[in-house]
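Numbering (my numbering), first residue to last: 155 to 334.
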């Protein structure tokens, strides 16, 4: 589970030759991941997200995943709709999603980092508000004079907007179920 990953338990032998995907949200005891999908979000994350000692990434892409324990937290993607392909800026991944973790290897050959510590515990309102503000800052940095925020309020977001994004893709062939 999460505690074993944070403690550095060796899953490499248990999942030899396989990638590992952690189920998020309710199945994992409310482990959630703020997935930073663009350089601006990585650069500004510490300004907006709650403090946590559990931040991971992969070789050449450090600091992309910020981990929290967050009861009843929704899954919510944020995109820059003005970008050519509505590029993702940040995703709040929870129930219905999973994230590939150590000892997995990305299709580009980079390796995922171990969780350095247990994730911080935060409220769903606090985390969703922080992610919305980070997204707005990214859009402002890109020159959008009135940043669009997916969903107009935190309250609306806590009522739903579940996403199928974040499920294991064919590129990862994620296997295993590490429940907290």
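Here a beta-carbon is modelled for each residue, glycine too, at the ideal position from N, C-alpha and C.
Cα-Cα separation, residue i to residue j
{"i": "residue 289", "j": "residue 192", "result": "10 angstroms"}
{"i": "residue 247", "j": "residue 168", "result": "25 angstroms"}
{"i": "residue 232", "j": "residue 285", "result": "9 angstroms"}
{"i": "residue 227", "j": "residue 262", "result": "31 angstroms"}
{"i": "residue 218", "j": "residue 190", "result": "5 angstroms"}
{"i": "residue 205", "j": "residue 238", "result": "33 angstroms"}
{"i": "residue 282", "j": "residue 260", "result": "28 angstroms"}
{"i": "residue 264", "j": "residue 254", "result": "12 angstroms"}
{"i": "residue 241", "j": "residue 257", "result": "28 angstroms"}
{"i": "residue 249", "j": "residue 280", "result": "17 angstroms"}
{"i": "residue 236", "j": "residue 244", "result": "15 angstroms"}
{"i": "residue 225", "j": "residue 278", "result": "6 angstroms"}
{"i": "residue 197", "j": "residue 229", "result": "22 angstroms"}
{"i": "residue 215", "j": "residue 234", "result": "21 angstroms"}
{"i": "residue 199", "j": "residue 294", "result": "14 angstroms"}
CB of residue i within 8 angstroms of CB of residue j, strictly
{"i": "residue 223", "j": "residue 273", "result": "yes"}
{"i": "residue 178", "j": "residue 187", "result": "yes"}
{"i": "residue 183", "j": "residue 252", "result": "no"}
{"i": "residue 194", "j": "residue 292", "result": "yes"}
{"i": "residue 185", "j": "residue 221", "result": "yes"}
{"i": "residue 202", "j": "residue 296", "result": "no"}
Identified DSSP bridge partners for residue i
{"i": "residue 226", "result": "Beta-bridge pairing links residue 226 to no other residue."}
{"i": "residue 207", "result": "For residue 207, which the question treats as bridged, DSSP gives no partner whatsoever."}
{"i": "residue 219", "result": "189, 210"}
Any non-hydrogen atom of the ligand SAM within 7 angstroms of residue i CB
{"i": "residue 236", "result": "For the structure depicted, the ligand SAM is absent and the ligand set is empty, with no information on it obtainable."}
Contact with chain C by residue i, beta-carbon distance below 8 angstroms
{"i": "residue 274", "result": "Absent here is chain C; the protein component of the structure consists of one chain."}
Mind listing, in chain order, the continuous beta strand (DSSP E) runs of no fewer than 3 residues lying wholly within the region 165-204? The qualifying runs are 173-177, 185-190.
Should the region 261-278 be called in touch with the region 206-220, which here means at least 3 C-beta pairs below 8 angstroms? Contact between the region 261-278 and the region 206-220 is present: 3 or more CB-CB pairs across the two stretches fall below 8 angstroms.
Every unbroken alpha helix (DSSP H) inside the region 230-294 [4 residues or more]: List check, alpha helix (DSSP H) in window: nothing returned.
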